[in-house]
Amino acid sequence: MLRVSLKGVWAHKVRLVLTALAIILGVGLISGVYVYTDTIGKAFDGIFSDAFSGIDIVVGTESDFAFGEGTYLEEADFALIDEVEGVEATLRYLQGMGVTVLDAEGEVLSTGPGPPTFVSSLSATEGSAYENTGGFTISEGAYPAGSEQVAFDRGIADLGGFEVGDQVTVISDVAGRLDLSLVGIVMFGEENSLGGTKWVFFDLPTTQSVLQRPGMVSGGAVQTTPGAQIDEVIGGIRAILPDHATVVSGQDAAEAEAAEIQSALSFFTIFLSVFGWVALFVGSFLIYNTFRIVVSQRTRELALLRALGAGARQIRGIVLLEALTIGLIGAILGVGFGVMLAFGLQLILPAAGIELPTAALSIKPRTVIVGLLAGTVITFLSALIPARRASKVSVMAALREDAAGPARGGFLRRALVGAVILALGLAALFFGLFGDTGSGPSPIVYVGVGVGVIFLAVFALSPLVAGPVTNLLGSVLERFTGTSGRLARRNAMRSPRRTAATAAAVTISITLVALASTLTGSIRGTIDEVLANDVVADAIILPAGQFGDPTAAFAPEIADRVQGTDLVADLTRVWISWGQITSGTPPETVVTEQILITGMESNLADFIPPEAFQGTLDPGPGQVVMEASIAESGNLELGDVLAIGFEQSEELPFTVVGIAEGPAWAGIVAIPSTDLISASGLDRHSQVYAKAVEGVTPEELKAAVEPLLADYPNVAVQTFEDLQSEAEAQLNGLLNFILALLSLAVVIGMLGVTNTMALAVFERTREIGLLRAVGLDRRTTRRMVRAEASIVSVFGAMMGIGLGIFFGWALIQALGDQGFSVFVIPWLPSSASVAGVLGSLLFWLLATGILGVLFAVYPAWRAARLKVIEAIAHL
Amino acid sequence: MSSTAARAEGVTKVYGWGDTRVTALDNLSVGFASGEFTAVMGPSGSGKSTLMHCMAGLDSVTDGSVFIGDKDLSTLSDRQLTKLRRERVGFIFQAYNLVPTLSASENITLPLDLAGAKIDQSWFDSVVETLGVADRLKHRPSELSGGQQQRVAAARAMVSRPELIFADEPSGNLDSKASADLLTFLRSAVKDHAQTIVMVTHDANAAGYADRIVFLADGRVVDSMADPNPERILDRLKSLEY
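Going line by line, the protein sequences match chains C and F. Note that this note's numbering has the first sequence beginning at 175, numbered continuously upward. Note that this note's numbering has the second sequence beginning at 148, numbered continuously upward.
Written out as structure tokens, the structure is:
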């Protein structure tokens, strides 16, 4: 039996290759992601174990807030550690964010959106216990000393072309412009940069003044005296430090840091491998369809085997064994492909400006096991139904002429079953999106199940519409291509179930493409609407070059300069810091673990008027205003008292005095600026809104303000048009990234078309011979096959776009109160750029038509190459 | 005698290599007169089907030349051969003559549609009327009987007014009634419209409808017979086979 299976596989090499290719691509993506992230993880492990090697005890704080800013310790407290028994020496440091490095031309040094810039103190360790501990080490030059010296990591130095001895400029959010002399280049063990982040180093006093944290440190390293019990020393240190301090051994610290990176990476791994699973899901349709067609083509062969005494189970075994063989081959090659993919990423990403630490590729047993299992199990499952069909072939089929004819299922039954499944799917989806799931599974489970069931329903129903729709598409094509179009149309219509199953693979990937396009289109529409209707300002001043950090800010001097011009009629400043909101008397409930707290001036509402509000939008000291959905999530009403915790203060009480609605207020919790400054300890602005005097256009205002800020390249003066195009660029970047990951699924879907067409050409050999005999030339033969592929692909794309729009709509309805105010179907390109075109649904409709032609080139070539005589003789 | 519609001159056709080498046609020369119904007969393996395929431009010859009218087929490219087939030659095969996805009417006009030629409606009407398929035009091949399918194929062969129709065992799969209907039509097409027909068959009754019979054996023309009748044909066949 094994031999029959293997021969079956070998006899149809093209089919083998195409089916295996679907597995190879899907498994390749999954295992490639595993290998790549494992490798990065291993590299980070190495970095941290180097960084903490030789450090006995690490003192730090519980960092509750993003971007490692953490909270701080008083330097005076830290100094007490030296007195603890068993402590030989200590080294303290301060780290934070809030500087921008300028290049030689005075512009922000940047490679585009990427990890942020950090500041750290770096103290001389030469001759001390911590020399060459492998963390931050001066690889060239000297340690920075005094307020006019700075050191950069090697990554910054390479990017800016800086050398030791150069004069460089760094802008501090709070301390303004600093002209410094570059005295040292820092490396992290063997790495030029720490995961692509930029690091700027000063001595401790300078760092404290740059970050406006006088007398504070983030933590430090402790060396114990020889023979001291580390645990006892840790206990001794902990006893003298405040509660929020953490004291752990160097080894534990290395493990904790590595674990933190691993959990960040595992999100990355899951996110990326989802696209691999989608690709495999699409591939399973290809495999299912291939085996279905092959089984019906081999009806006679299988019936002969039955006649010779093979049992139904043996027949099923033959088909399943064939599937397992192909699955295993595909999975093995897929894991290999994944390793190559990871290797390729290591080469390509640094060239694209994304610096991640590298190490020898890490191929874990888990990667190989998951890859092999995924490939074989999915192929096996996909072949189950076709195998069952094969086992039901009767002996008589060997003798009948029309044995391979299509089986006709009941129209009504299919419609009924499909409709019931659809109703169930919709119910699950809408319950997940809008219903109160209470204590049951989380809404996302209902949504996921709903989406899956709706997919199934659409595939159950699609054979019913496949005929009419392909007929319509074919008629359009026929108008342009004549006879080849007519033949293609009729061919596409001849087996609606096959057409639908082939189109299904295209549908899944295009659904996701359309969903991504619809969501980004709607975000774009929302931004446009907010800018057009909900924000009243002519220019907005924002930090430049600090991507991904919402608390990025600039010195107060900038707003003063802008206000100084006589073109500005009115102006408002916005301060932003991280905070945590709790409500109620103990036991307290956490309203939001981590939220941006806005410090506002009393005229903020003039610039972002709400659609509606209760109370006042001008809070006094100790008062807070917030957006309605935040108040709702915390069950807060006017007059309630809540507590806000900041990085640098005890929790402070605030009374809710205003609740605002409207897209411009989305996510805003605002307190008076004076309260925020005293709580956060930072007087720096994250946004400044300006209105021009009568008769001055936004462009004129911008032109007048920009020269005033020429020495601050870390701030940008932006009109609405600028903001729109910047938002557009960011959305396009996101969309391109998702589309790049989905492209694999699209390719597999299209390979399904190739496979079906190749099998159809084989099946119709005799018919093609006849057409050739009566005068169909080679070119028209090719055109006929390609046209059919195109019709099937576009049919799949139409269903996908429909589903994508529907899912997008449902999602936006559900997320409506979280910043989506409009639903946009992006039929047309949003701009003339590549990304703009890629976001357009009509483009994808057209593109799948063209892809259909391209992916049918091989079957079309085979069809045209058939020898007429042999084809006619073919049975 | 009228002019020659098609002829083969010293045609040799060899299949395979070495041990599997088969000479299907061996320096064969034959001509088919215009306006004549010629039957090609011979035992299995005599090369009669190969001859027809080569004459029709479906297969290439190893040596010698094949002419349709004055056109030497060996000088033509695949595209030119395809054009020649759809404009100057008609075909009727033994079975599977029709494209299953097209209606009877679409099958009939297929060569004209492929050539982008205009359909002569009155000629089309008279052909389908004569063949008795006028009321079946909207049907798919699967909805037609075997006899109807072959008559639709004959109509397709006729409708483009080809210089020559090649028929390969056209009645081979039909019962005697349907067979007689089809052959009578072919006969009358020759008589009424001076159509040239070359028919390959091993059925003496079918061959009896022809004006002339060419006998093949071992890839060569071994005899010919004018105004045949089934008894004489059978006698001659016996002498060829034993």
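Ideal Cβ placement from N, Cα and C applies to all residues, glycine included.
Taking the Cβ atoms as the reference, S313 (chain C) lies roughly 6 Å from I359 (chain C), within the contact range of under 8 Å. The C-beta of I1043 (chain C) comes closer than 7 Å to at least one C-beta of chain F.
Between A802 (chain C) and T756 (chain C) the beta-carbon gap is near 19 Å, outside 8 Å, which marks them as no contact. Interface with chain C (7 Å Cβ-Cβ cutoff): R226 (chain F) is included.
Three or more beta-carbon pairs separated by less than 8 Å link the region 179 to 187 of chain F to the region 337 to 351 of chain F, which places the two stretches in contact. In terms of CA proximity to E253 (chain F), F:H286 leads the group F:A242, F:R232, F:H286, F:V236. Counting only Cβ-Cβ distances below 8 Å, T248 (chain F) has contacts in chain C at L661, R664, N665, M667, R668, in chain order. F445 (chain C) counts as exposed, since fewer than 16 other beta carbons sit within 10 angstroms of its beta carbon. What A947 (chain C) touches in chain F, judged by beta-carbon distance under 7 Å, is L205, R232, F238, going in chain order.
Contact between the region 962 to 970 of chain C and the region 646 to 659 of chain C is established, with three or more Cβ pairs separated by less than 8 Å. With a contact defined as Cβ atoms closer than 8 Å, V687 (chain C) and W451 (chain C) miss out at about 16 Å.
Scanning chain F for C-beta atoms nearer than 9 Å to the C-beta of R952 (chain C) yields D225, R226, T229, reported in chain order.
Taking a beta-carbon distance threshold of 7 Å, E652 (chain C) does not count as an interface residue toward chain F. Neighbours of R940 (chain C) in chain F, taken as residues whose beta carbon is under 9 Å from its own, are Y243 in chain order. Contact between R480 (chain C) and V567 (chain C) holds, with the beta-carbon distance rounding to 6 Å and staying under 8 Å. Of all residues in the region 252 to 285 of chain F, only E253, L257, P258, D260, L261, A262, G263 come within less than 8 Å of chain C when Cβ atoms are compared, listed by chain position.
Not flagged as an interface residue toward chain C: H349 (chain F), since no C-beta distance is shorter than 7 Å. Note: T159 (chain F) is bridge-paired with F:D210 in the DSSP secondary-structure output. The C-alpha of P375 (chain F) lies about 35 Å from the C-alpha of D267 (chain F). Counting only the Cα atoms, L460 (chain C) lies some 32 Å from S250 (chain F). In the DSSP annotation of this structure, the continuous segment of the alpha helix (DSSP H) that includes P637 (chain C) starts and ends at 617 to 655.
The beta carbon of H200 (chain F) sits closer than 7 Å to some beta carbon of chain C.
Excluding the 5 residues flanking it on each side, R735 (chain C) has same chain C-beta neighbours closer than 6 Å at L882, in chain order. Shortest Cα-Cα distance from G808 (chain C) to any of C:A677, C:V843, C:E880, C:F820 involves C:V843. Contact of R168 (chain F) with chain C by beta-carbon distance below 8 Å is absent, the smallest such distance being about 18 Å. Every beta strand (DSSP E) stretch that sits fully inside the region 211 to 284 of chain C and reaches 3 residues is listed by chain position as 231 to 235, 261 to 267, 269 to 271, 273 to 275. 7 Å or more divides the Cβ of R298 (chain F) from the Cβ of G949 (chain C). Note on Q987 (chain C): under 16 other CB atoms within 10 angstroms of its CB, so exposed under the neighbour-count rule.
Look at R154 (chain F) here: in three-state DSSP terms it is strand. With fewer than 16 other CB atoms across the displayed protein chains lying within 10 angstroms of its CB, V619 (chain C) is exposed. For R952 (chain C), the enclosing alpha helix (DSSP H) covers residues 952 to 988. Unbroken beta strand (DSSP E) stretches of 3 residues or longer found wholly inside the region 738 to 791 of chain C: 742 to 757, 763 to 774, 786 to 789, given in chain order. Per the coordinates, the alpha-carbon of K876 (chain C) lies some 6 Å from the alpha-carbon of V891 (chain C). Cβ neighbours of K216 (chain C) within its own chain (closer than 6 Å, five residues either side excluded): A533, S536.
Residue range 350 to 362 is occupied by the beta strand (DSSP E) that includes D353 (chain C).
Less than 7 Å separates the beta-carbon of V161 (chain F) from that of T209 (chain F).
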